[in-house]
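Enquirer: Residues in the sequence shown are numbered consecutively from 2, following our numbering.
For every residue, glycine included, the Cβ atom is placed at its ideal position computed from N, Cα and C.
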Amino acid sequence: MQNIDIVLDYSFWSREMRNEYISLLKKYDIEPKMYYIKTPKEVCMERIRKRNGNHQNDIILTEQTASTYYDHFQPPTDEEGEVIVVEGY
């Protein structure tokens, strides 16, 4: 089998969701590598304020909704496999 890299760009905000994908990949002998872009809440909120409504087809995300998403995010742990933490600013 060929060695190729594939990126799944998805929120994977819960451990349960990540475990579903990890199980699926392992069925095919694929060992996932997780990149966690750890970004402070204030930075995320500022970026959302700046981008909301900039493009015709934007989905507007209220600060309340964004804050709820952020607060309920479950950071990945080493128990889930290899996790590469990138500090996002």
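Under the assumption that Leu62 contacts Asn53 (Cβ atoms under 8 Å), give the Cβ distance between them as a whole number of angstroms.
Expert: Here residue 62 corresponds to residue number 61 of the sequence shown, with the count starting at 1. Here residue 53 corresponds to residue number 52 of the sequence shown, with the count starting at 1. Sure, about 6 Å apart at Cβ, within 8 Å.
Enquirer: On the three-state DSSP scale, how would you describe Val8?
Expert: Translated into positions along the sequence shown, residue 8 becomes position 7. Three-state result, Val8: coil.
Enquirer: Taking Phe13 as the reference, which of Ile23, Ile31, Ile7 has the closest Cα?
Expert: Along the sequence shown, read from residue 1 onward, the residue named residue 13 stands at position 12. The shortest C-alpha separation from Phe13 is found at Ile23.
Enquirer: Taking C-beta to C-beta, are Lys34 and Val86 nearer than 8 Å?
Expert: One-based indexing of the sequence shown puts residue 34 at position 33. One-based indexing of the sequence shown puts residue 86 at position 85. Not closer than 8 Å, so no.
Enquirer: If you compare alpha carbons, which of Glu81, Asn58, Gln65, Glu80 is closest to Met46?
Expert: Numbered from its first residue, the sequence shown carries residue 46 at position 45. If we check each option's Cα against that of Met46, Gln65 comes out closest.
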